[in-house]
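Structure first, commentary second.
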Amino acid sequence: MRKYWVLQRKSFSYLIDKKTTLAIMVLSIASIAAMLISIGVGDMYIAPWDVFTALIGTGLDINELIITEFRLPRVLVAFIAGASLALSGAILQGVIRNPLASPDMIGITGGAGFAAVGFLTMFSDDSNNLLLSINYLPIFAFAGATVVAFLIYALAWKNGVTPIRLILIGIGLMALFQALTTLMMLIGPIYRASQATVWLTGTVYGTSWKEVKAMLPWFLGMLPILILLVRRLNIQGFGDDLAMGAGIAVHRERFMLLMACTALAGSAVAFAGAIGFVGLIGPHIARRITGSSFGGLFPASALIGGIMVVLADLAGRTVFSPLEVPAGVFTAAIGAPYFIYLLFKNQ
Amino acid sequence: MNGILYGNNRKAAGLIIGIILALIIMALSVVLGYTNTSFKQAIEAYTAFNGSNEHLIIQLSRVPRSLVGMAVGISLGIAGVLMQALTRNPIASPDIFGINAGAGFFIVFSVTFLGISSIQQFMWIGFLGAAVAAGLAYALGSAGKGGLTPVKLTLAGAVMAALFASLTQGMLVTNEKALDEVLFWLAGSVEGRKLSMLTAVIPALAFAWIVSVLLSRQLNAFALGEDVAVSLGQKTVIFKLAAALMVILLAGGSVAIAGPISFIGIVVPHFARFLVGNDHRWIVPYSALIGGIMLVLADIGARYIIMPEEAPVGVVTALIGTPFFIYIVRKGIFQK
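Protein chains in written order, with our numbering: chain H, 12 to 358; chain C, 39 to 374.
See the structure below:
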């Protein structure tokens with residue numbers, strides 16, 4: 012039996028690894044299970060089967076109301092945010108060819124964080140009232156991420172952009188924006204500082220369909236682009252010289268990849284806050300499962316990232332109930348032990 | 039790969055100029071600030087002390103923070119060099135060992151659950167946290183088959199750092215009072231440190247400075263790759279352990295006194311490489327000097343940036359350091 016299914020047409024060709032396909036199917040089932048459980052658990056417990064029937068429209072009305080109005084959007088936002096962050100990390104680790112790369116590392120989330128904290132401190136008056144609606148926060152955050160991404164690229168450009176220059180510039184900018192964020196928090200009132208801390212930790216508290224609708228286009232829009240980029244990213248992994256020899260316009264592709272990475276990370280951070288760790292560890296865990304070919308790595312990363320944030324949010328809601336702990340706290344608590352286990356097992 | 043200073047004579051001259059510059063900046067750091075003082079007053083504060091406000095400020099605030107700043111800057115600069123050499127990763131820094139995050143976690147934990155709030159106590163708790171986090175990262179990095187490899191160490195450190203950081207954030211989110219108390223510490227600062235805090239850790243730091251300088255030849259060998267280093271007669275296992283211990287001492291001691299100051303460790307080695315090229319026998323002392331100068335300079339800046347309040351020095355290092363750093367990176371010393 013061969014290891015691959017071959018999918019070949021005129022303009023594209025894919026090798027589909029059977030083991031990877033199996034892994035991705037298992038992960039998909041795990042994601043759905045995680046979401047069903049997460050939807051069911053809360054002040055009012057709903058069994059997974061009842062959740063399922065409510066979702067397909069044959070369940071109790073009361074369940075349907077709770078699920079579709081309150082819990083489903085929150086779980087969806089958590090999943091999309093996690094998937095976006097992990098994908099964005101996978102892209103970046105491929106582009107930079109450094110296992111430490113993640114959107115938080117090169118300042119993309121830092122830029123979003125600065126914009127968000129700036130928004131909170133600049134637009135609040137002496138009695139802690141916001142002068143602008145909080146709904147504008149995501150727009151600021153997204154703008155911050157995008158501006159930083161362009162800055163990184165522009166500053167790293169010098170007859171092309173090399174991975175090492177890209178990440179070093181990114182680190183510099185990250186430090187700068189972190190410093191500015193801290194400064195903002197110190198200048199502003201402590202009430203805003205604590206609000207900003209929650210946001211910087213990352214939470215999907217109080218999300219509604221509005222957020223889902225705003226995030227989904229970014230995520231879905233990126234998918235076809237990523238499928239097209241897979242082969243090129245694989246070749247880039249061999250180094251610039253080889254990639255150029257294979258006919259890749261290395262610098263143009265790198266720009267596109269960086270933009271894809273920003274769009275994903277930016278939209279996630281805008282709506283779910285700066286959930287750390289997922290972008291760094293998600294792709295690593297995925298790589299251990301599927302190997303480093305991006306065709307399998309992308310879907311696996313996305314699913315793992317999604318599961319991580321959904322479970323983290325579930326833990327955040329329930330473990331210290333009635334206190335709500337932001338999901339960002341638990342992503343590390345869930346991801347770190349598993350990652351350490353992988354570190355032990357492999358190599 | 040050469041730096042912009044060719045030849046041993048020029049490098050030595052550069053080092054001497056650096057030392058002079060460091061002394062000048064320390065002197066400036068003693069007299070500049072919200073309370074106006076002169077060099078004459080600074081000397082009189084020690085020769086003819088008269089109990090005036092200015093003399094008190096110089097003795098109790100300015101001189102200590104200038105010395106603390108220099109010691110912390112030197113330590114962080116060297117720790118950065120060691121860390122980047124040890125992991126063979128140009129973007130590694132002591133924070134990646136989990137040192138800052140570990141110290142932060144232990145301090146926030148003790149504020150939240152043990153009700154501790156004095157800077158003196160923060161110091162020892164921070165040191166403990168730094169050592170625990172780095173020890174864990176080192177143990178994890180060397181676990182499994184193959185012993186300690188640069189990639190495993192880097193990843194283990196990053197994971198420990200992320201884990202501690204998010205636990206810290208969790209506690210801060212649920213406890214606003216703790217946030218208020220530790221926010222300034224978490225930003226990193228050399229303000230309000232007593233001389234006794236420095237004398238408590240300076241033996242450890244000075245020991246680590248000397249050992250690091252002695253290790254610098256070994257760093258050159260290690261940089262060629264582990265196989266080559268072994269064939270040159272290096273006991274790499276012992277070397278890696280020694281270098282890691284020095285990082286823990288240097289970065290742990292620094293975070294204990296001044297809180298997490300993240301910028302210096304990661305960028306100063308690049309400044310040094312820009313000046314003197316790839317030879318660690320020069321990179322180590324240059325990084326020490328540049329780190330010290332930068333931190334004291336940043337501390338002076340911190341007094342003016344949002345006067346009359348003080349900005350944390352960690353913020354200012356990033357503000358003044360980033361443009362330089364970007365310039366150097368663009369100047370292109372990395373041919374990869």
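Glycine is no exception: its CB is placed at the ideal position from the N, C-alpha and C atoms.
Being a predicted model, the structure only gives us computed values, none of them experimental.
Leaving aside the five residues that flank residue 323 (chain H) on each side, the residues in its chain whose CB is nearer than 7 Å to its CB run, in chain order, 338, 341, 342 and 345. Note: residue 15 (chain H) is bridge-paired with H:28 in the DSSP secondary-structure output. With 16 or more other Cβ atoms from the protein chains shown falling within 10 Å of its own Cβ, residue 119 (chain H) counts as buried. For residue 336 (chain H), the chain C residues whose C-beta falls within less than 9 Å of its own C-beta are 208, 211 and 212, listed in chain order.
Listed along chain C, the residues sitting closer than 8 Å to residue 110 (chain H) by beta-carbon distance are 189, 192 and 193. Counting along the chain, the unbroken alpha helix (DSSP H) around residue 229 (chain H) starts and ends at 220-247. Look at residue 287 (chain H): its C-beta is under 8 Å from a C-beta on chain C. Of the residues assessed, residue 232 (chain H) falls on the exposed side of the cut-off, its CB having fewer than 16 other CB atoms within 10 angstroms.
About 21 Å separates the beta carbons of residue 336 (chain C) and residue 321 (chain C), which is beyond the 8 Å limit, so they are not a contact pair.
For residue 166 (chain H), the chain C residues whose C-beta falls within less than 9 Å of its own C-beta are 364, 367 and 368, listed in chain order. Taking a cut-off of 8 Å for Cβ pairs, the segment 159-178 of chain H and the segment 343-362 of chain C do not touch, as fewer than three such pairs fall below it. When only Cα atoms are considered, residue 133 (chain C) and residue 191 (chain C) end up about 13 Å apart.
In the three-state reduction of the DSSP assignment, residue 135 (chain H) falls in the strand class. For residue 91 (chain C), the uninterrupted alpha helix (DSSP H) segment begins and ends at 91-95. The three-state secondary structure of residue 345 (chain C), taken from DSSP, is coil. Residues 106, 110, 161, 231, 235, 236 and 239 of the same chain have their beta carbon placed closer than 7 Å to that of residue 295 (chain C), with the five preceding and five following residues left out of the count. DSSP, reduced to helix, strand and coil, places residue 43 (chain C) outside both helices and strands of the structure shown, so it counts as coil. Uninterrupted alpha helix (DSSP H) stretches at least 4 residues long and entirely within the segment 91-144 of chain C occur at 91-95 and 101-125, given in chain order. Residue-level contact check: residue 209 (chain H) touches chain C, since one or more beta carbons of chain C fall below 8 Å from its beta carbon. Here residue 170 (chain C) has 140 as same chain residues with Cβ atoms under 7 Å from its own Cβ, once five neighbours each way along the sequence are excluded.
Distance from the Cα of residue 325 (chain H) is smallest, within the candidate group H:104, H:31, H:216 and H:206, for H:216.
In this structure, residue 144 (chain C) places its C-beta atom within 8 Å of the C-beta atom of residue 166 (chain C). If you compare the alpha carbons of C:89, C:142 and C:223 with that of residue 348 (chain C), the shortest gap goes to C:223.
Residue-level contact check: residue 99 (chain H) does not touch chain C, since none of the beta carbons of chain C fall below 8 Å from its beta carbon. The DSSP-derived three-state label of residue 183 (chain C) is coil.
Taking one beta carbon from each stretch, the segment 118-133 of chain H and the segment 176-190 of chain H have 3 or more pairs nearer than 8 Å; the two touch. In summary, residue 151 (chain C) is exposed, with fewer than 16 beta-carbon neighbours lying within 10 Å of its beta-carbon over all protein chains present.
Closer than 8 Å to the CB of residue 169 (chain H) there is at least one CB belonging to chain C.
Straight-line spacing of the CA atoms in residue 351 (chain C) and residue 334 (chain H) works out to 35 Å. Per the coordinates, the alpha-carbon of residue 227 (chain C) lies some 15 Å from the alpha-carbon of residue 156 (chain C). Taking 8 Å as the Cβ-Cβ cut-off, the segment 175-193 of chain H approaches chain C at 175, 176, 178, 179, 180, 182, 183, 184, 186, 187, 189, 190, 191 and 193, given in chain order. Residue 262 (chain C) carries a coil assignment under DSSP once its states are collapsed to helix, strand and coil. Remark: C-beta atoms of residue 366 (chain C) and residue 318 (chain C) do not approach each other more closely than 8 Å. C-alpha of residue 211 (chain C) to C-alpha of residue 336 (chain H): approximately 8 Å in a straight line. Taking a cut-off of 8 Å on C-beta distances, the segment 197-213 of chain C does not touch the segment 337-345 of chain C, as fewer than three cross pairs fall below it. Taking 8 Å as the cut-off between beta carbons, the residues of the segment 118-129 of chain C near chain H are 127, 128 and 129, in sequence order.
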